[in-house]
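Chains as they are written, first to last, in our numbering: chain A, 14 to 453; chain B, 14 to 453. All residues carry an ideal CB built from backbone N, CA and C; glycine is no exception. In this text, all values refer to a predicted model and were calculated from it rather than measured experimentally. Notes follow the structure.
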């Protein structure tokens, strides 16, 4: 590793740095990075080189990168914070130093409010340049005003279902992938009748030859209608239309024509812009559930590379317009830190300009015993995702659904599940069957 | 971490495992993973649980996951290989064990030949389940036959340019982001006249308010036409149409109407399916350059998480239809292992059923001195990407382009650059100016 000092001439660096007050927050997106550097390097110099690389410049000054162009288009480093923050000496055994670095990118460069150019800019080549992880993004109002966000959000979905306060319960049909669709429709009837509010396809079941979306949505809606009449409640069915982007839009129209009442996509595989196309299309008049646990692990799992989970699982799908965001809960089969699962819920529900608050849906090996903890952590404005924890109930899927409703009722009344189980038989069986879903 | 042994009953596992010969290679995609596990766990059991999780099942058996459904839709573990491969005892200090695990996924589950369902399946929740990295995918012929691949490929691009054997030289305009477009058009004229074969926008400059694609393409094509007449050669201009997917297609049509002769997208930010929409659309009758260094670092940089670079930078863009794939070279400003840069070139050029061979374009801080090494590594069927190494030439961008052509000529003739520089003045200046572009 050779240090080419030509890069770091003073003139070259006079633009890409500012005090934290030295930029107009209405004109810049602020990106926060984790960076780890060999102890010999000056993080300020590296950060400025990166800011230049991700806006106007390259590894060497070029003649047309004029001061005027830099003034208009260059990114600026506005903070370099070391953790721990060495001051007057560096211990000899320190080989790498860790930093939080903030860079402000002009929204002028971002070609309007859109994910592709945003990602190429704030999560571009820079993330291949060493130990760098994008931790956060702060957007100015006028940038986010380019996104409409969710059509329904928490209030809208609650109003469709007629459920005011309590957590909603969602069931993913298991087996994940199956054929023909009748198998799922039969299960959908059972769990809807048992009390689930929302039924979703597994993220792995899309428009499969032996189980087409068109056939599935008709059969599921029939099953749900029948169940709704019996239970006197409503049920949404989020049919998985994950496919090539152009096909997603076709499938969405077709689902609505056929009477479907909700949609689902695997958000990262189809792309946030495709989710957004659905959400911002006025003719798509049904809520959208975005499944986030797939592929995103490739991006957030490493502590030193990629993007933080609260961006890719939280802020991005909210901006793109999801009404419900499925993501890993730390209590079941998934591996996820509790603080990050809470952070994601905040990304979805904290005030963010005009964007509606949307439902966090923690999921993955959830069983009734987890319900009080989920509500304690996140409050009642959640959708609880349960798959096997409903379908594998010893008394069948309907009882499995009912057990969750009983757990929710007890939790909302402040009664312990053990106490409630004296009265509620299905819950009692569930509690006796499962103490945990931890796998490893 | 609690082990729920209920998961691992024998009946549950009778389907999701097979010998390496125990599946029909025409009906399955084979995924190869790196996995690191705590020493106490049985990798075979975990692998099978994962295969089930990514196809029919969940953390617990469910009633409708019948043997018939498992036979049709379950994934199968076909290989669990430990590295190092402990046999008769496990040293006491081994806390984690590393494996290469191969899983065969039925193409029946993949809903035709498409990236979204493929990614949700082979790179789905599984990549959030611990230390797991997707290293490779092997596709059956009939699955890849659903993709058309590149329209032009190496042969097609060579035929447009009328350049038979030598490496092509591509220049990315620097500054990266600038306005108005005249600045770039002026530079384009210089470097085209100086001898570059292809000019590309920086990945950060898309359809920006102060530098719109429509204006840019007209001005660049004028500049190129003028240069072509002077030099008696052809030049392609790959204009960056990265944008929301629907807008990418509109911009592509508009560029072609306006006489543009090539296109460029940031492949991962727009999505592989959008790149594919361009490549498979018969009306898009120009080559497509795909920029891969942006965002992909978030996915491939960690040795224990994500996807390998040769998939996300190599096989995927080839399948999606890129004619030229820009990716990091290990000799300039980028940080990249040489073996992976070579591996990516193989992904782009080795036989792969009907799919055309396409150009690797190693890039990032490339200067003339790197040319013989690039050709030694990858042969002459490459595009050499140079930005600052052309624009910062002390005699100006035109001389910078000429210096690269001289380096290519010398290399093709088997003459050392030092020898050639005695005759070639621009090359001589370049060699004296830069010995390296390594930054850190």
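Cβ-Cβ distances below 8 Å link residue 175 of chain B to 246 and 247 in the same chain, with the five nearest sequence neighbours on each side left out; the list follows chain order. Comparing alpha-carbon positions, the option among A:42, A:137 and A:315 lying closest to residue 340 of chain B turns out to be A:137.
The three-state reading of DSSP puts residue 115 of chain A in strand, counting E and B together. The beta carbon of residue 122 of chain B falls within 7 Å of a beta carbon belonging to chain A, placing the residue at that interface. Contacts between residue 404 of chain B and chain A, judged by CB atoms closer than 9 Å, involve 71, 73, 75, 76, 77 and 78 in chain order. When the alpha-carbon of residue 367 of chain A is set against those of A:376, A:356 and A:152, the nearest one is in A:152. Assigned with DSSP and collapsed to three states, residue 279 of chain B falls in strand. In the structure shown, residue 449 of chain A adopts coil according to DSSP, grouped into three states. Counting along the chain, residue 303 of chain B sits inside no alpha helix (DSSP H); it lies in the beta strand (DSSP E) bounded by residues 301-304. If you draw a 10 Å sphere on the C-beta of residue 363 of chain A, you find fewer than 16 other C-beta atoms in it, and that means exposed. Interface flag for residue 141 of chain A against chain B is set, since a Cβ pair is found closer than 7 Å. Residue 215 of chain A and residue 189 of chain A do touch by the CB rule: their CB atoms are close to 4 Å apart, below 8 Å. Residue 400 of chain B has its alpha-carbon roughly 21 Å from the corresponding atom of residue 235 of chain B.
Restricting attention to B:272, B:381, B:186 and B:256, the CA atom closest to the CA of residue 231 of chain B is found in B:272. Residue 161 of chain B sits in coil when the DSSP states are folded into three classes, being neither helix nor strand. Neighbours of residue 400 of chain A in chain B, taken as residues at a C-beta separation under 7 Å, are given in chain order as 71.
For residue 290 of chain B, DSSP assigns no beta-bridge partner whatsoever. When the alpha-carbon of residue 147 of chain A is set against those of A:154, A:134, A:158 and A:130, the nearest one is in A:134. About 17 Å separates the beta carbon of residue 57 of chain B from that of residue 68 of chain B, a gap too long to meet the 8 Å contact definition. Among the CB atoms of chain B, none fall inside 7 Å of the CB of residue 229 of chain A. Interface annotation, residue 118 of chain A: not in contact with chain B, CB-CB separation never under 7 Å. Of all C-beta pairs linking the stretch 344-362 of chain B to the stretch 404-417 of chain B, fewer than three are shorter than 8 Å, placing the two stretches out of contact.
For residue 372 of chain B, the enclosing beta strand (DSSP E) begins and ends at 372-376. When DSSP reads this structure, residue 221 of chain B sits in a beta bridge with B:224. Taken through DSSP and simplified to helix, strand or coil, residue 86 of chain B comes out as helix. Residue burial annotation: residue 194 of chain A is buried, with at least 16 other C-beta atoms found within 10 angstroms of its C-beta. In the DSSP assignment, no residue is bridged to residue 272 of chain B. At a Cβ-Cβ threshold of 7 Å, residue 192 of chain A and residue 224 of chain A count as neighbours.
Nearest Cα to residue 183 of chain A within the set A:418, A:201, A:450 and A:212: A:212. Scanning its chain for C-beta atoms nearer than 8 Å, with the 5 sequence neighbours on each side dropped, one finds around residue 33 of chain B the residues 91, 92 and 115, in chain order.
Around the beta carbon of residue 142 of chain A, 16 or more other beta carbons lie within 10 angstroms, which makes this residue buried. Judged by DSSP in its simplified three-state form, residue 181 of chain B adopts strand. Considered as a whole, the stretch 128-160 of chain B harbours 128-135 and 154-157 as its complete alpha helix (DSSP H) runs of no fewer than 4 residues, in chain order. Rounded to the nearest whole angstrom, the C-alpha separation of residue 370 of chain A and residue 371 of chain B is 46 Å.
Cβ proximity to chain B below 8 Å picks out 255, 256, 257 and 258 from the stretch 242-258 of chain A. A Cβ of chain A is located within less than 7 Å of the beta carbon of residue 216 of chain B.
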